[in-house]
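Some notes on the structure that comes next.
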């Protein structure tokens, strides 16, 4: 991830949003995300049917007007379950990335600012976490803490902390060399003040991009965990769990697996599109007017 | 010294498309340089001095629209297709840019980089181009050139690196050397060395030189003719003695007065209030009007003054063509 | 605006001849300062034995080329770099060994103006917020309204419109940004302002404006400056006393007039002769002293006189003895075995 230059300001955000508006892929991604949030927040009320309405007579029905996504092996409406499961995915995604952000940025900030033994210690710990495949580590943590929504959030949060630490540290290393940080030191500002007011705002851009991309991966990880039965427990719906349940019916009742799978796919894709668009827009190589002026001199 | 111009630029205008609209970097500029002669383009940042040269040699950025005509060695350069222009430029024009650190490729030896130009445009063999590289490094004053030819750029100091860049620029024995702020990033003692080197090379090789700078002292030392630029236009142009001795435009006078004169009294310096206009919003009249200390003709505000000759070869952009000393008074 | 009284500024003035301008009250002092940086290529002796005093109310100019150590000297005065040996005294106190926490109080008394005004201002903060930072850090003003008022006062002082306080650095011109840097330096009412190449990145016409501004502020507020630059003409214009540095040492010091008219050290003479003059006739007729070769590596400075490898007047004993910094005239000193004599020989040859 490229480190930010010191040539940006609030105007950048406005330009970022305007650029996003003109990028069709980013717009699509944003639309999907908005839909996701709406469904996630208001799912239970929007859902046409109850998620636990078991009706053995209506089991394994293909998609129809009454049940646009069909029904599952217990007669439950798949559409409703997919919608309510969105909430789980959102929750896990938001909280776990929140944990990773908080922990990772703090660690990266101190490691990058102070360097020396602290930097070594913290980064080697991060390296240890990095060495494990994401899923394996998450599974291990859940195995220790017991399956469930909360432990899934913690596990994924821990697993994604190192990437935030690294991105933060890289940004801090470059920003702390800038003259305005030296100027703040020369004024007598305390280290904490410098980190809070000067360093953090100037590394916001790569962190924003990383957050967006990590949300995609977090949701994917949650799906994997619930597929393995380690996430939120049944009968609460979760996309990964629904995939798992649907795998025996691939030929007979394809709708059981396809719709939750498509939901996962679309959500991850949407976060990636938005993240990529943000990265393009927040790239330090964008010319400001002053730089254009200087180049004409 | 022939009378034909090596590079002649006529009515050159460069407009750059930016997110906030078109920026006119250069407007209607004419200048030329002859063999064995040095033309200095002077101005502050944003004056268009670099851009006019880049546009003239076909190196303007893609977002730039260039109009006007450029003749290089009597060929209509602007009419040539891109590939012919590249070859002609490579063969006949050498460039020296400001920052010696980024002008050189850090992973290639100095000898390789100097030899490259010879191989590309003169068709020399490896061995011949290497021998030529040693010759050139020696010519620009690099001690022990035969050993240093295999050294890397980071092993040289700033001044030596700039000499290497000059050697690269001279590799094809160009008719024209273009130096864009070549000594701005160097110490003043190193600058003196480089200025002396270029002058010496010009005497020996008869190269025409276009030297772009904001430092009037350097101009006084190396230029035969000067063109002073402001906000994309030439405001004064002529032989260096005339322009420095009897500046006709208030901007030129102001630039000359802004330098602290060591050994002079310690009084406050004469300054020009304000700053140059943005190329995105240039006024219809004289661009210097808001800052002009003279303002003797109300037409200047809305009408662009023409370039008029105040003496042979000395032109000033003004409405009052009687000989002035830059302060609106008739000189005696 | 009156300056507040300073307490605790008494210091025994070191052995030195009193000058015309500035009281004998020494605001800051360096004594045999050495700043050495270990690198993979060896130990870089950026500053290698510098002693100087800055007296209240004066401008001390420090001029040198790249590698001279002048910027590092300025940073050492603010304790932004750690001295290897030697001492740094500010406002009468020996701050050489102070910890970072102790130094924070010091930071109010010595302020810095940096070379690149764009880089020295946080691009994400408004200009007003940058100027207010010393006020917040040192708790100099109470409350947002009072702070705002003081920021506006400072903007007035440096000749900027008050409404610029809400702009961001990239919206200002280079000259305006440097004025902001100066306003920020003034905010804490420091005893000493160190200016490290304050005009080098600015356009010519703006350089003159800033120099005039600095002089006016000094007159009105009784400021003390350490003016560091490579531009000899600017340093000469601004300073009451000046020193020339080469390869980590001061090679000559005196008043600008002394240094301009009668340079005693060959390096100073070479520096003077290298300055281009904006007069074609003068340029054509002058004979320059062109120094041969490059500045030696600060990792391994030449033995004896450091300048001898490039000095056009080097004699055999220059390689054996490291010249002491001796007086050649009242208040005028140089570190050359043949001070004065060598320069005269250069001018004849």
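Chains as they are written, first to last, in the working numbering: chain A, 415 to 711; chain B, -17 to 314; chain C, 6 to 354. All residues carry an ideal CB built from backbone N, CA and C; glycine is no exception.
Evaluate residue i with the Cβ neighbour count: other Cβ atoms within 10 Å of its Cβ, from every protein chain shown; 16 or more gives buried, anything less gives exposed.
i                      : result
residue 27 of chain C  : Residue placement at residue 27 of chain C is flagged as unreliable, the pLDDT there being 45, under the threshold of 50; the coordinate-derived value follows with that caveat. So residue 27 of chain C ends up on the buried side.
residue 67 of chain B  : buried
residue 469 of chain A : exposed
residue 208 of chain B : buried
residue 166 of chain C : exposed
residue 107 of chain B : exposed
residue 432 of chain A : exposed
residue 224 of chain C : exposed
residue 107 of chain C : exposed
residue 266 of chain B : exposed
residue 435 of chain A : exposed
residue 290 of chain C : exposed
residue 88 of chain B  : exposed
residue 255 of chain B : exposed
residue 448 of chain A : exposed
residue 241 of chain C : buried
residue 83 of chain B  : exposed
residue 257 of chain C : buried
residue 263 of chain B : exposed
residue -13 of chain B : buried
residue 137 of chain B : exposed
Assuming residue i and residue j make a contact with CB atoms under 8 Å, what is their CB distance in whole Å?
i                      : j                      : result
residue 39 of chain C  : residue 89 of chain C  : 5 Å
residue 655 of chain A : residue 640 of chain A : 4 Å
residue 170 of chain B : residue 279 of chain C : 5 Å
residue 509 of chain A : residue 651 of chain A : Residue 509 of chain A to residue 651 of chain A, Cβ: 18 Å. No contact.
residue 176 of chain B : residue 168 of chain B : 7 Å
residue 644 of chain A : residue 566 of chain A : 7 Å
residue 29 of chain B  : residue 302 of chain B : Residue 29 of chain B to residue 302 of chain B, Cβ: 23 Å. No contact.
residue 146 of chain C : residue 174 of chain C : The pair is not a contact, with the Cβ atoms about 22 Å apart (cut-off 8 Å).
residue 221 of chain C : residue 65 of chain C  : Wrong, their Cβ atoms sit about 19 Å apart, outside the cutoff.
residue 623 of chain A : residue 580 of chain A : Wrong, their Cβ atoms sit about 13 Å apart, outside the cutoff.
residue 336 of chain C : residue 260 of chain C : 6 Å
residue 71 of chain C  : residue 26 of chain B  : Actually they are not in contact, since the Cβ atoms of residue 71 of chain C and residue 26 of chain B sit about 23 Å apart, beyond 8 Å.
residue 597 of chain A : residue 696 of chain A : Not confirmed; about 24 Å, so no contact.
How would you write the range of the beta strand (DSSP E) that residue i sits in, first residue to last?
i                      : result
residue 12 of chain B  : 3 to 16
residue 232 of chain C : 230 to 234
residue 43 of chain C  : 31 to 44
residue 332 of chain C : 331 to 334
residue 58 of chain C  : 47 to 60
residue 66 of chain C  : 64 to 69
Closest Cβ-Cβ distance between residue i and chain E: below 8 Å?
i                      : result
residue 620 of chain A : Protein chains A, B and C are contained in the structure displayed, whereas chain E is not.
Could you give the residue range of the alpha helix (DSSP H) that holds residue i?
i                      : result
residue 641 of chain A : 618 to 641
residue 74 of chain B  : 64 to 74
residue 288 of chain C : 285 to 290
residue 271 of chain C : 271 to 279
residue 444 of chain A : 438 to 460
residue 609 of chain A : Here residue 609 of chain A belongs to no alpha helix (DSSP H), and DSSP marks it neither H nor E.
residue 570 of chain A : 563 to 589
- Query: Fully enclosed by the stretch 148 to 199 of chain B, which alpha helix (DSSP H) runs are 4 residues long or longer?
  - Reply: 170 to 187
- Query: Counting pairs of beta carbons, one from the stretch 290 to 301 of chain B and one from the stretch 222 to 232 of chain B, are three or more of them closer than 8 Å?
  - Reply: yes
- Query: Is the stretch 63 to 82 of chain B close to the stretch 154 to 169 of chain B, with three or more CB pairs under 8 Å?
  - Reply: yes
- Count the CB pairs spanning the stretch 105 to 123 of chain C and the stretch 190 to 209 of chain C that are closer than 8 Å, and state whether there are at least three. yes
- Query: At a cut of 8 Å, does the stretch 269 to 277 of chain B reach the stretch 195 to 209 of chain B through at least three beta carbon pairs?
  - Reply: no
- Item | Continuous beta strand (DSSP E) assignments of at least 3 residues falling wholly in the stretch 101 to 177 of chain C | 115 to 118
- Between the stretch 171 to 186 of chain C and the stretch 82 to 96 of chain C, do at least 3 Cβ pairs fall closer than 8 Å? no
- Query: Counting pairs of beta carbons, one from the stretch 483 to 502 of chain A and one from the stretch 663 to 679 of chain A, are three or more of them closer than 8 Å?
  - Reply: yes
- Segment contact flag, the stretch 35 to 54 of chain C with the stretch 243 to 259 of chain C, C-beta cutoff 8 Å, min 3 pairs: yes
- Three or more C-beta pairs below 8 Å linking the stretch 592 to 609 of chain A and the stretch 544 to 551 of chain A: no
- Message: Check whether the stretch 235 to 245 of chain B and the stretch 48 to 64 of chain B touch, using three or more Cβ-Cβ pairs below 8 Å as the test.
- Response: no
- Do the stretch 262 to 279 of chain C and the stretch 325 to 342 of chain C make contact, defined as three or more Cβ pairs closer than 8 Å? yes
- With a cut-off of 8 Å, do at least 3 Cβ pairs link the stretch 38 to 47 of chain B to the stretch 119 to 135 of chain B? no
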